[in-house]
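Since the structure comes first, as structure tokens, the remarks are kept for the end.
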């Protein structure tokens, strides 16, 4: 029967009794019919069983977690057979309809969180009816009570409202992935969700984190839900508040299609973690959740931390790259990867000494190593990196192809073309089996031949208009769905063939960050904000707050000036230092710069283990240059942590004090200055009452402190 929750504080109640565990496997058949208030005819919105005492109670079994129209009719009016198979940590439900449509809902429980994904298959010899309004998640979540707000001259108190934390996408700005419910637009706070109100969120252009990122935290009175949409294309999310619930509906935008005989697709996944506690506590619970279940880094057989990379331009001649690898080796720089960026390819490419010169951009899609720039190929570069104790990363962009490259004329059937013949970009259709095989064979062949340890995939265009142009009227959404399925299948094939391969996910910076890409890759270049060699360091400080709120592993670049404030601003879970980047930079001829680099890279290695642990912003994010910025990373199991503190270059304030998190007032703490090793001891009580106070006499200065319970 339908599960509901009584209206008690935080909507908690003990309902563990009578709920079957996933310890046994069994199959249940049910034939649905209209009007039944159970799995066979449940309402469009289902209610989730609440949690009690911090322990989730399974809700998967008694609820249908998705919704759609079939031939214009809601699923509740249709007949189907249901077969359920329970396992230790999951539940698979197979819905078979009278005409042969089969929907398989695969749900998995991870610790305190849940994930599900739907597969749709036409098992008949005829096309299905039209599938539309397809919501891959459609759930009504119990929420702390909120009284409806009538007409009044006063805004409600922030503590009285339901808050939605929904990060912005990657836009080449300092505030990427920033999420606050308290931003105002006129006299409306855009993240406040009132009873009776509805909100819609969407990405743009077909990349999952371009306008908005597919992560959400809905919070009220010490409880809430963090959830993520697993789709690397054009997703939508709808939220609706009632007095004691919030409804969440997610989908791929504008789907309206038939399935052809024998055709099978998957749609977006949905990951949800309920919680009790503050927003900051919930975000750290989410970071730990993602780190354990949805990250490649730290898994068995893999590195425990994100890589420290030395970036070089792909158009940098092999002879120069080899010289610079030798310099790194001689100076004992602790580099994990040589990162070779774009510009290394194209059989007829011109000289390209840096990213702003040459015709390298017109050869994207011709994955033959440039004989002009790298006459002996790239294996010699990878081999030199390996001999120096480093690994090799190489940039590709397989999905965006320049129309004039040879593969387009050889196999035009592999590509989706724009209406405008003057548009230079075409899209490799990963939903086309032959195009997919070409992509897999090309990339895997080069990984094997060259000795690539990290495959970097970029995507510098908006594919949505191409996908939609390719769809027939009764197949809207299919091209996108099959392309994204092909992308996941491509990455999975690479990881299966090369178990130690690291995939770096880039799309004009961080425009394809979602839970499905996080589980397969790491965004080593989370924003193109860092593209200028001397970008504003304050932007990197802001990104360390915003991106760290949502994911434990992401990376950035330091820029090219040798500056302590700058490189410390860029310390993240992974780091690219491009001091040897192009022919326009000299490298290795200044001993002082080499000593500076060695000192700070070793400092970074001490900082790095903390970057994926519990994270606490100590200041608001702002690109203003007249304030301070600070953050805390804490390891509760080791009872230690690290502080990053910056006095920006126009700040008139010489002193500041910061209230720290997770401090025991009954303990003493030793703080060690990373600059000189000096120590200070504070009592937990003093830190709680006065905060951690310090003075920085110079503007454009920074401090890093390591602390440990005494």
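Residue numbers (my numbering): 1050 to 1759.
Backbone N, C-alpha and C define an ideal beta-carbon position, used for all residues, glycine too.
Classified as exposed, residue 1348 has fewer than 16 neighbouring CB atoms from the shown chains inside 10 Å of its CB. When C-beta atoms of the segment 1172 to 1192 are compared with those of the segment 1277 to 1296, three or more pairs fall below 8 Å, so the two segments count as touching. Leaving aside the five residues that flank residue 1661 on each side, the residues in its chain whose CB is nearer than 8 Å to its CB run, in chain order, 1336, 1340, 1346, 1347, 1354, 1355, 1601, 1602 and 1622. Residue 1640: member of the alpha helix (DSSP H) spanning 1640 to 1656, first to last residue. With at least 16 other beta carbons inside 10 angstroms of its own, residue 1477 counts as buried.
Excluding residues up to 5 positions away in sequence, 1390, 1392, 1403, 1404, 1630 and 1631 lie with their Cβ nearer than 7 Å to the Cβ of residue 1362 in the same chain. Between the C-alpha atoms of residue 1598 and residue 1333 there is a straight-line separation of about 8 Å. Burial check for residue 1730: the Cβ neighbour count within 10 Å stays below 16, so the residue is exposed. Per DSSP, reduced to three states, the secondary structure at residue 1617 is helical. The beta strand (DSSP E) runs lying completely inside the segment 1498 to 1571 and spanning 3 residues or more are 1503 to 1506 and 1551 to 1554, given in chain order. Annotation for residue 1315: the continuous beta strand (DSSP E) segment containing it runs 1313 to 1315. Straight-line spacing of the CA atoms in residue 1459 and residue 1453 works out to 11 Å. Beta-bridge partners assigned by DSSP to residue 1678: 1695. Distance from the CA atom of residue 1742 to the CA atom of residue 1615, rounded to whole angstroms, is 23 Å.
With a minimum length of 3 residues, the unbroken runs of beta strand (DSSP E) contained wholly in the segment 1365 to 1395 fall at 1386 to 1389.
Rounded to whole angstroms, residue 1275 and residue 1132 show a C-alpha spacing of 30 Å. In the three-state DSSP reduction, residue 1736 falls in the helix class (H, G or I).
In this structure, DSSP gives residue 1332 a helical state, which the three-state scheme calls helix. The alpha-carbon of residue 1409 is positioned some 13 Å away from that of residue 1423. In this structure, 1700 is the residue among 1255, 1754 and 1700 with its C-alpha nearest to the C-alpha of residue 1748. Only residues of its own chain outside the window of five on either side were considered, and among them 1320, 1321, 1322 and 1338 have a CB closer than 7 Å to the CB of residue 1162, listed in chain order.
Inside the segment 1436 to 1505, DSSP marks whole alpha helix (DSSP H) runs of 4 or more residues at positions 1455 to 1459 and 1482 to 1495, from first to last along the chain. Comparing alpha carbon positions, the residue from 1589, 1751, 1246 and 1554 closest to residue 1258 is 1554. Contact annotation: the segment 1142 to 1152 touches the segment 1122 to 1131, with at least three C-beta pairs closer than 8 Å. Collapsing the DSSP output to three states places residue 1587 in a helix.
The Cβ-Cβ distance between residue 1657 and residue 1677 does not fall below 8 Å. Take the alpha-carbon of residue 1560 and the one of residue 1218: they are about 7 Å apart. DSSP, read as helix, strand or coil, puts residue 1126 in helix. Looking at the DSSP output, residue 1625 shares a beta bridge with 1358 and 1606.
Annotated three-state conformation of residue 1269 is strand, per DSSP. Between the alpha carbons of residue 1222 and residue 1585 lies a gap of roughly 11 Å. Per DSSP, the continuous beta strand (DSSP E) segment holding residue 1162 begins and ends at 1162 to 1171. Secondary structure at residue 1302: coil, using DSSP grouped into helix, strand and coil.
When DSSP states are grouped into helix, strand and coil, residue 1749 belongs to the coil group. Beyond the five residues adjoining it in sequence on each side, residue 1439 comes within less than 7 Å, by CB distance, of 1384, 1385, 1386 and 1387 in the same chain, given in chain order. Across the set 1670, 1644 and 1256, the C-alpha of 1670 shows the shortest separation from the C-alpha of residue 1591.
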